[in-house]
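S.K.: In the working numbering, the protein residues as written are 260 to 536.
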Amino acid sequence: MALLPAALWALFFLFIPYILIFINSFWKLENSQIAHVFNVMNYVTIFTNPLYFGTLLKTLGIALLVTALALLISYPLAYVLAFKVGQRWKMILYVMVIIPLWTSYLVRAFAWKVILGTDGILNNFLLWLGVIDQPMTLFLYSPFAVIITLTHIFVPFVLMPIYASLEHMPKDLIEASKDLGANRFKTFFHIVFPLSLPGVLAGCTMAFVLSMGDFIAPVLIGGPDGIMIANIVVSLFGAAYNWPLGSAIGIIILLLVIGVLEVTERMEKRYGSVTQR
């Protein structure tokens with residue numbers, strides 16, 4: 260009985276909507292009206308139309324790159340927080356890392372619009388250095404701007420689980436490794452990194468899933484070249500009024516996310532069993 264409220268919430272707000280979207284993806288649009296006729300042309304259109312398939316691949320690439328960059332930034336920071344600073348500074352630095360989460364998503368996105376704009380901080384800094392002689396327009400309204408913004412926004416989501424894994428790691432294993440003659444690199448790659456993999460996988464999964472479904476940053480700073488697949492879904496459910504095609508794209512995104520979650524779960528089980536031996 261204790262789980263009944265959660266089960267009802269999941270039923271009405273997760274499973275039933277997913278089922279309706281799945282059914283809707285097999286209908287079609289005829290004369291601006293949704294015809295309840297079973298067909299698979301929506302899925303065929305997605306994989307044969309360069310706009311939809313190309314945007315899906317671009318979104319997948321951006322999500323993977325954002326995840327990789329967030330990991331490259333987060334892991335060293337988490338390592339320093341866990342092992343290299345005292346307790347007092349540890350709390351101060353950790354709060355500084357998570358402070359952006361207390362700020363509106365829109366504010367953080369607009370901040371990068373100010374930084375990357377033609378009259379923004381980055382262009383003015385490069386002009387001051389003499390690297391360029393006039394403001395550059397390639398920073399804003401491009402996939403580059405989307406990647407930078409999403410990486411900044413999702414770094415805390417990657418850092419927090421990694422830091423938790425490192426902070427709760429048995430320190431006696433690290434000391435034992437050093438006592439047995441292992442240098443810092445061997446200790447890291449054979450002890451520290453394997454034991455922190457659950458946090459790495461959790462953070463990377465979070466960053467990837469959020470990046471795949473993001474549609475606000477591409478609108479604000481991506482421009483036409485930075486549009487992602489979620490923006491197309493929003494358009495199909497809005498002005499285009501093509502709910503069946505939008506539902507089909509949503510199902511494909513859902514399957515991609517489920518695939519990533521399945522791979523992550525398998526890796527957690529595999530490396531979890533190895534580290535427990």
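For each residue, glycine too, the CB sits at the ideal point set by N, CA and C.
Tell me the rounded alpha-carbon separation between Val417 and Ile332.
M.R.: Rounded to whole angstroms, Val417 to Ile332 spans 9 Å at the Cα level.
S.K.: Taking C-beta to C-beta, are Leu454 and Ser494 nearer than 9 Å?
M.R.: No; because the gap between Cβ atoms is not below 9 Å, this pair is not in contact.
S.K.: Would Gly313 be called buried (16 or more neighbouring beta carbons within 10 Å of its own) or exposed?
M.R.: The residue in question, Gly313, is exposed, as its Cβ has fewer than 16 Cβ neighbours within 10 Å.
S.K.: Does the separation of the CB atoms of Phe474 and Val519 fall below 9 Å?
M.R.: No, Cβ-Cβ distance for Phe474 and Val519 is not below 9 Å.
S.K.: If we call anything under 9 Å between Cβ atoms a contact, is Gly505 one with Ile486?
M.R.: Contact: no.
S.K.: State the start and end residues of the unbroken alpha helix (DSSP H) segment that holds Lys343.
M.R.: Here Lys343 belongs to no alpha helix (DSSP H), and DSSP marks it neither H nor E.
S.K.: What did DSSP end up calling Leu288 once you bin it into helix, strand or coil?
M.R.: Here Leu288 sits in strand by DSSP.
S.K.: Relative to the C-alpha of Asn298, which residue among Tyr500, Leu288, Tyr338, Pro359 is closest?
M.R.: Asn298 has its Cα closest to that of Leu288, out of Tyr500, Leu288, Tyr338, Pro359.
S.K.: Is there contact between the segment 401-421 and the segment 323-338, where contact requires at least three CB pairs shorter than 8 Å?
M.R.: Cβ pair count under 8 Å is three or more, so yes.
S.K.: Going by beta carbon distance, what residues of the same chain come within less than 6 Å of Thr523, once the five residues before and after it are set aside?
M.R.: Excluding residues within five positions, the ones whose Cβ falls inside 6 Å are Leu460, Thr464.
S.K.: From the DSSP output, read off the bridge partner residues of Ile293.
M.R.: According to DSSP, Ile293 bridges with Leu288.
S.K.: According to DSSP, simplified to helix, strand and coil, what is Ala507?
M.R.: Here Ala507 sits in helix by DSSP.
S.K.: Can you list, in chain order, the residues of its chain whose CB lies under 7 Å from that of Leu381, leaving out five sequence neighbours each side?
M.R.: Result list for Leu381: Ile374, Leu375, Phe398, in chain order.
S.K.: Using 10 angstroms around the beta-carbon of Asn442, count the other beta-carbons present and answer buried if the total reaches 16, otherwise exposed.
M.R.: Exposed, by the Cβ-count rule.
S.K.: For a test of the three-state rule: what should DSSP assign to Leu466, helix, strand or coil?
M.R.: Sequence check: residue 466 is Ala here, not Leu. In the structure shown, Ala466 sits in a helix (DSSP, three-state: H, G or I).
S.K.: By DSSP, does Ala404 sit in helix, in strand, or in coil?
M.R.: DSSP places Ala404 in helix when its eight states are reduced to three.
S.K.: Report the residue from Phe342, Val354, Thr408 whose alpha carbon sits nearest the alpha carbon of Ala370.
M.R.: Checked all of Phe342, Val354, Thr408; the closest Cα to Ala370 is Thr408.
S.K.: Which first and last residues belong to the alpha helix (DSSP H) in which Thr307 is found?
M.R.: 300-307 is the span of the alpha helix (DSSP H), which, as asked, contains Thr307.
S.K.: So what does DSSP say about Leu386, is it helix, strand or coil?
M.R.: Three-state result, Leu386: helix.
S.K.: Cα separation between Tyr277 and Pro415?
M.R.: Their Cα atoms are separated by approximately 29 Å.
S.K.: Using C-beta distances below 6 Å, list every residue in its chain close to Leu426, excluding the 5 sequence neighbours before and after it, in chain order.
M.R.: The question names Leu, but residue 426 is Glu in the sequence shown. Ala341, listed in sequence order.
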